[in-house]
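A.B. asks: The structure under discussion is supplied below as structure tokens; questions concerning it will follow.
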Amino acid sequence: MNDVAEVVLPAVPTAGTASVDVACEPWAVQAAGVSSWYGSNQVLKDVDICIPQRRITALIGPSGCGKSTFLRCVNRMNDLIRGFRMQGTVSVHGEDINGPQVDVTLLRRTVGMVFQHPNPFPMSVYDNIALAVREHKPSINRDELDGIVEQSLKDAHLWDEVKDRLSGSALGLSGGQQQRLCIARALAVKPEVLMLDEPCASLDPIATGKIEELLLQLRERYTIIIVTHNLAQARRISDEMAFFLMGEMLEQGPTQQVLAAPQREETAAYLDGSYG
Amino acid sequence: MSYDRMEGTDMSSSQEAAIRLRFSRADGSLGRLGTEKLVERALAFSAASSGAAILFVIAFVFMKAYPLLARDGLAWLARADWDGAVMEAWWNPDFWRFGALPLLVGTFATTTGALMVAVPLGVGCAIILSEVAPPGLGRILATAVRLLSGVPSVIFGLVGLTVVVPFVQKTFITEELGLRYVDVPLDGQSLLAGSLVLAFMIIPFVVAVSADAMRSVPESYRFGGLALGMTKWRTIAKLVIPPALPGIVAGIVLATARGIGEAIAMAMVAGGLANIPHLDRGFVAFLEPVRTLASAIVENGEGMSVLQVESALFSLGATLLVVSVVTSILARAAFSRLRTKTGLATERAI
Amino acid sequence: MARLSFAHVRSRFWMAACWVSAAVVLAVCAGIVLAMAARGIGALEPSFFTTDPQPSFEESLAGGIRAPLAGSVILAVSGILAVFLPSLGAAIYLAEYMDEQKLGTRAIRLGLEVLAGVPSVVFGFWGLAVFSQPIFAFLSDSAGGDATSAFGRSFLVGALVMAVHILPFVVKVMEEAIRAVPRALREAGYALGLTKWRMIKRVVLPSAAPGIVTAIVLGLGLIVGDTAIVWLTVGGTMTMSGADAWWLPHNWLPVLKGTGSTLTTFIFYSSPAGEGNAPGKAYGAAFVLLALVVALNAFVAWIGRQRSIKAQ
Ligand SMILES: Nc1ncnc2c1ncn2[C@@H]1O[C@H](COP(=O)(O)OP(=O)(O)O)[C@@H](O)[C@H]1O
Ligand SMILES: [Mg+2]
């Protein structure tokens, strides 16, 4: 049974068609008036944000201010948490994610996510990537699957390092390799938006550098939202920046502009404080 | 197949005007939700049938015990005539006067005797295991305890019968003793042999659960004690054992439950007679044969074709059921107390 | 020489007492193994494994353990087959779907916990009584052809009773294994767009597989080591009543519906407590049984080690 296949999915806007696409849907993700609660604890307060297509948007702010919560609202991962409640609207390419006809599994395939700690499945490198692909297209043949696995690993800049150990356990990879495997895994289901929640927080500088380089290349094909505590990293890779504080989105704009001339005192204070 | 979006390029032209649906199902189809519901039902069904099996076991046991319970209430537990009653019931279809007191006493005596050996040895062993032993020795000890817990009871019975029973007979039972007390056979199969064998059957429970409880005591407690200049033993006795105590109790409760329920080994070594040991004979009481509730079910099992005996045996089974319910509730309570004492929170995955 | 304070003397005394306890436990364990080895190895000739038990007053003529050994395997395999799906289903439901607030699910959990502590002899007796009911006649062949009741003793009956007996334990171990799968892996599965069941099937169950196998192996150990249920429900015959050539597929059903023995009941029967009275054979069988149990334990320990190596 694969009803998934019945839903006609649109073409990925490739370089040639991009202008048309961007013109009719300038924002990949739009949030309007989003408030959310864990039980009675309000975590997001009336957040408005627009994430541009095929750009890297960095979400910054002190920990506990709701950045992860916001990401988890976009792919509705918070549905899994008992007592979570959300108000306001979030749309992805103009489509309301809380609409009555939304199939959450399709939403999560459209909006991929990479977590703070690398979380490869305890199985082979190959199966880590093939798992979801097989699920979404059970009839896939081996050649096609091999192709997707190889392409995803290449896109994640991991192919050369693992091509000889595809059947080895993913848990044998280094932390940085594991995180790139998680990125490859997310790419394998062909998302349009890729969200990364502090993907380099547990990695060393070299592994971090590799991931930054990778993201800069993926930027041409995907809308990327990255949560980071590392302002230098945000400066290096992001086009847009949004500053969160205590559940509110205080300021959003092009990265250079926000870093050079923050509009809000709080942003300036955060940036100063972090620079030490 | 539209899975691969690259292939779907030609479709987009006709839908340019409208929002392209990426994850909504405009046709209102359920997607995989239908299968999801089905799977959940099937899983719920297997959980429910496990529940039903439990109910069935309990209900059936009590149903079969009912004829005796209805006639006799609980009086059969206080009366002292088992072997004779079972014999009589064979030929007298109206006979219902069973007396399970000897079995109750036998169970209580063997289990208590076993605990008197198993608790000190087990707790001592657990202290070595969790607090003292270097890793290598600890592994050996842990392996031995695991092995002991895995040894089938019939092997305990066999060793008991061929080693412990002859030992008891040679060491304690003189010819003169046998002549003095002719009313019960003194051949080594005895309360003493039963208790000794049972002790080593239940020790693994005491050791494993106690050692786990002691390990769950935060390391800082120990450092605190040693830093104050307390000796190793005082640190253990004053700082480790008290918070671990509910766990030790839980281990003892589980061991007790195991001891009460042991049938085969007790049938083999405790003696085949539903006898109440004569306390007035002093130590000789320990050399007398006894029979436990559980082993009576095995030993008198052939009486099942007789309605009254069947009902009486199921009454024994019902008693064991009740005892195991009580012990498992006690153990549960002890474990939750241990968690609050050692500050371990129960974690739930999503 | 420094004088030891009272506190130190006391400390040493109690520590010594603890060491003695540990030594006693070790010694008893070693003693059992040695007793098995010393008295059992003598019986372990090839013919011990290839001949069936023979009733005889003369121990040397009492035969071997071919049928009981096969019986243990048959009972263990069929018992595990009977328990596997229901217990896995129940464990998944309890771990993943159960609404802890619901009364029904709480009752199931409590019931399983209680049942886990019920002695096997109660199950054996229960099973004998239940499966002697005429409606269950198809599970056991009655030699007498009595119409009013079924014989109630057969490998099938034994396997079903074993399944009920070990179910709570197996469910518990499986449920723990399933719950131990990290939340991060579940989230990764959901984030890839898997539905709940697909996520469980593709992510949780493969990750919990070592624990699930452990549950099965421990269950095998429980079946292989139990005597009371076998004695009461598989019948006291030392050889198989169904068919001698139990390994031929067309004999499987008759064997399963017939009676027989396992290593445990063979030991019981051959020990001085039983009618066979061939303690040498009993020790031989006990040695084999112990080796089987140790092998199962070692397998479980090996799985655990594999898992902790992987986790690093
Ligand atoms: N699953 C949850 N249940 C309850 N509260 C949560 C949960 N996840 C996060 N929170 C709370 O929400 C707030 C925001 O958390 P989070 O979004 O993770 O912050 P950030 O990612 O910006 O550090 C914190 O106060 C945190 O305690
Ligand atoms: Mg966060």
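Residue numbers (our numbering), protein chains in the order written: chain A, 1043 to 1318; chain B, 8 to 357; chain C, 1209 to 1520. Ideal Cβ positions, reconstructed from N, Cα and C, are used throughout, including at glycine.
#1: Which value, in whole angstroms, describes the spacing of the CA atoms of A:Leu1173 and A:Ser1166?
#2: Using beta carbons (cut-off 8 Å, strictly below), is B:Ala55 in contact with chain A?
#3: Is DSSP giving C:Phe1359 helix, strand or coil here?
#4: Run the proximity test for A:Ile1123: is its beta-carbon closer than 7 Å to any non-hydrogen atom belonging to ligand 1?
#5: By the 10 Å Cβ neighbour count, where 16 or more other Cβ atoms means buried, how is A:Ala1065 classified, buried or exposed?
#6: Report all residues from its chain with a CB closer than 7 Å to the CB of B:Val68; omit the five preceding and five following residues, and keep chain order.
#7: Output, in chain order, the set of chain C residues within a Cβ distance shorter than 8 Å of B:Gln69.
#8: Quick one: list the residues of chain B neighbouring A:Leu1238, beta-carbon separation under 8 Å, in chain order.
#9: Using a Cβ-Cβ distance under 8 Å, would C:Arg1218 count as near chain B?
#10: Under 7 Å Cβ to Cβ from A:Glu1203, same chain only, skipping five residues before and after it: list those, please.
#11: Around the C-beta of C:Phe1221, are 16 or more other C-beta atoms found within 10 angstroms, so that it is buried, or is it exposed?
#12: Name the chain A residues that come within less than 7 Å of C:Arg1410, Cβ to Cβ?
#13: Between C:Leu1318, C:Ala1303, C:Ala1367 and C:Phe1214, which lies nearest to C:Leu1413 when the distance is taken from Cα to Cα?
#14: To which residues of the same chain is B:Met221 closer than 6 Å at the C-beta, ignoring the five residues directly before and after it?
#15: B:Arg48 CB to nearest chain A CB: under 8 Å?
#16: Would you say the beta carbon of A:Asn1083 is closer than 7 Å to some non-hydrogen atom of ligand 1?
#17: Under 8 Å between beta-carbons, which chain C residues line up against A:Asn1117? List them in chain order, please.
#18: Could you work out which residue in B:Gly258, B:Thr347 and B:Leu81 is closest to B:Leu128 when comparing CA atoms only?
#19: What's the C-alpha gap between A:Asp1063 and C:Leu1318?
#20: So, at 7 Å on beta carbons, what are the nonlocal neighbours of C:Ser1255 in its own chain, with the 5 sequence-adjacent residues on each side left out?
#21: Does chain A have any CB closer than 8 Å to the CB of C:Thr1403?
#22: Once DSSP output is grouped into helix, strand and coil, what is the label at A:Val1269?
#23: Cα-Cα, which of A:Arg1096, A:Pro1068 and A:Ser1082 is closest to A:Met1237?
#24: Quick check on A:Leu1149 - is its C-beta less than 8 Å from some C-beta in chain B?
#25: Residues of chain B with CB under 9 Å from A:Thr1265, in chain order?
#26: Whose CB is closer than 7 Å to a heavy atom of ligand 2? List the residues in chain order.
#27: In this structure, does DSSP put A:Phe1286 in helix, strand or coil?
#28: Under a CB-based cut-off of 8 Å, is C:Gly1366 close to chain B?
#29: Any idea if A:Ser1209 is buried or exposed, counting beta-carbon neighbours within 10 angstroms, 16 or more meaning buried?
#30: Please tell me whether C:Phe1363 and C:Leu1283 are closer than 8 Å, where the distance is taken between their beta carbons.
#31: Applying the 10 Å Cβ sphere with the 16-neighbour rule, what's the burial state of B:Val178?
#32: Straight-line CA distance for C:Pro1376 to A:Gln1221?
#33: Helix, strand or coil: which one does DSSP assign to A:Ser1211?
#34: Exposed or buried, which one is C:Gly1190 when buried takes at least 16 other CB atoms within 10 Å?
#35: Throw me the rounded Cβ distance for the C:Val1291 and C:Gly1427 pair, which I believe falls under 8 Å.
#36: Please return the same chain residues whose Cβ sits closer than 6 Å to the Cβ of A:Leu1256, not counting the five positions on each side in sequence.
C.D. replies: Well, looking at it:
#1: Position 131 of the first sequence holds residue 1173 of chain A. Position 124 of the first sequence holds residue 1166 of chain A. CA-to-CA, the gap between A:Leu1173 and A:Ser1166 works out to about 10 Å.
#2: Start at 1 with the first residue of the second sequence, and residue 55 of chain B comes out as number 48. False, the Cβ-Cβ gap to chain A never drops below 8 Å.
#3: As a first step, residue 1359 of chain C is located in the third sequence; it is residue number 151 there, counting from the start. In the structure shown, C:Phe1359 falls within a coil segment according to DSSP collapsed to helix, strand and coil.
#4: In the first sequence, counting from the first residue as 1, residue 1123 of chain A sits at position 81. Under cutoff, so the answer is yes.
#5: Here residue 1065 of chain A refers to the residue found at position 23 of the first sequence. Residue confidence is low: A:Ala1065 scores 39 on pLDDT, short of 50, so the model does not pin down where it sits. No coordinate-derived value is stated.
#6: Locating residue 68 of chain B in the second sequence gives position 61, where the first residue counts as 1. Within the same chain, B:Val68 has close Cβ partners Phe321, Gly324, Ala325 and Leu328.
#7: Here residue 69 of chain B refers to the residue found at position 62 when the second sequence is read from its first residue. Note that residue 69 of chain B is Phe in the sequence shown, not Gln. Going along chain C, no residue has its Cβ under 8 Å from B:Phe69, so there is no contact; the nearest lies around 11 Å.
#8: As a working note, residue 1238 of chain A is residue 196 in the first sequence. Per Cβ cutoff of 8 Å: no residues; A:Leu1238 is ~20 Å from chain B at best.
#9: In the third sequence, the residue the question calls residue 1218 of chain C occupies position 10. For C:Arg1218, the closest Cβ of chain B is nearer than 8 Å.
#10: Here residue 1203 of chain A refers to the residue found at position 161 of the first sequence. For A:Glu1203, where only same-chain residues beyond five positions count, the Cβ hits under 7 Å are Gln1219.
#11: For the purposes of this step, residue 1221 of chain C is identified with residue 13 of the third sequence, where counting begins at 1. It is exposed - the Cβ of C:Phe1221 has fewer than 16 other Cβ atoms within 10 Å.
#12: Mapped onto the third sequence, residue 1410 of chain C falls at position 202. Under the 7 Å cutoff, chain A gives Leu1173 and Glu1177.
#13: Locating residue 1413 of chain C in the third sequence gives position 205, where the first residue counts as 1. Residue C:Ala1303 is the option with its Cα nearest to C:Leu1413.
#14: Along the second sequence, one-based indexing puts residue 221 of chain B at 214. Taken in chain order, the residues that qualify are Ser137, Val247 and Ala251.
#15: On the second sequence, position 41 is the one that residue 48 of chain B refers to. False, the Cβ-Cβ gap to chain A never drops below 8 Å.
#16: The count along the first sequence starts at 1 and reaches residue 1083 of chain A at position 41. Indeed, a heavy atom of ligand 1 lies less than 7 Å from the Cβ.
#17: If you number the first sequence from 1, residue 1117 of chain A lands on position 75. Those within 8 Å of A:Asn1117 in chain C are Ala1399.
#18: Here the question's residue 128 of chain B lines up with position 121 in the second sequence. Of B:Gly258, B:Thr347 and B:Leu81, the residue nearest in Cα terms is B:Gly258.
#19: As a first step, residue 1063 of chain A is located in the first sequence; it is residue number 21 there, counting from the start. As a first step, residue 1318 of chain C is located in the third sequence; it is residue number 110 there, counting from the start. For A:Asp1063, the pLDDT reaches just 39, beneath the cut-off of 50, and the residue's location in the model is therefore unreliable, leaving the point undetermined.
#20: The residue you call residue 1255 of chain C lines up with position 47 of the third sequence. Contacts found: Gly1272.
#21: On the third sequence, position 195 is the one that residue 1403 of chain C refers to. Chain A contact via Cβ: present.
#22: Sequence index remark: in the first sequence, residue 1269 of chain A carries index 227 (1-based). Strand at A:Val1269.
#23: Numbered from its first residue, the first sequence carries residue 1237 of chain A at position 195. The residue among A:Arg1096, A:Pro1068 and A:Ser1082 with its C-alpha nearest the C-alpha of A:Met1237 is A:Arg1096.
#24: Taking the first residue of the first sequence as 1, we reach residue 1149 of chain A at position 107. It does: the Cβ of A:Leu1149 has a partner Cβ on chain B nearer than 8 Å.
#25: By 1-based counting over the first sequence, the position of residue 1265 of chain A is 223. Those do not exist, as A:Thr1265 stays about 12 Å from chain B at its closest Cβ, beyond 9 Å.
#26: My final list is A:Ser1105, A:Lys1109, A:Ser1110, A:Gln1158, A:Asp1239, A:Glu1240 and A:Val1269.
#27: Residue 1286 of chain A sits at position 244 when you count from the first residue of the first sequence. In the three-state reduction of the DSSP assignment, A:Phe1286 falls in the strand class, which pools E and B.
#28: Within the third sequence, the letter at position 158 stands for residue 1366 of chain C. The beta carbon of C:Gly1366 sits no closer than 8 Å to any beta carbon of chain B.
#29: Locating residue 1209 of chain A in the first sequence gives position 167, counting from the first residue. So A:Ser1209 ends up on the exposed side.
#30: In the third sequence, residue 1363 of chain C corresponds to position 155, counting from 1. In the third sequence, residue 1283 of chain C corresponds to position 75, counting from 1. Yes; because the gap between Cβ atoms is below 8 Å, this pair is in contact.
#31: Taking the first residue of the second sequence as position 1, residue 178 of chain B is located at position 171. The sequence as given places Thr at residue 178 of chain B; Val does not occur at that position. Classification for B:Thr178: exposed.
#32: In the third sequence, residue 1376 of chain C corresponds to position 168, counting from 1. In the first sequence, residue 1221 of chain A corresponds to position 179, counting from 1. So the two alpha carbons sit approximately 39 Å from each other.
#33: On the first sequence, residue 1211 of chain A is found 169 positions in, with the first residue counted as 1. Correct three-state label for A:Ser1211: strand.
#34: Any question about residue 1190 of chain C goes unanswered here, given that chain C covers just 1209 to 1520.
#35: On the third sequence, residue 1291 of chain C is found 83 positions in, with the first residue counted as 1. On the third sequence, residue 1427 of chain C is found 219 positions in, with the first residue counted as 1. Indeed, because the Cβ distance is near 6 Å, the residues count as touching under 8 Å.
#36: Working through the first sequence from its first residue, we reach residue 1256 of chain A at position 214. Within the same chain, and ignoring the five residues on either side of A:Leu1256 in sequence, the residues whose Cβ sits closer than 6 Å to its Cβ are His1199.
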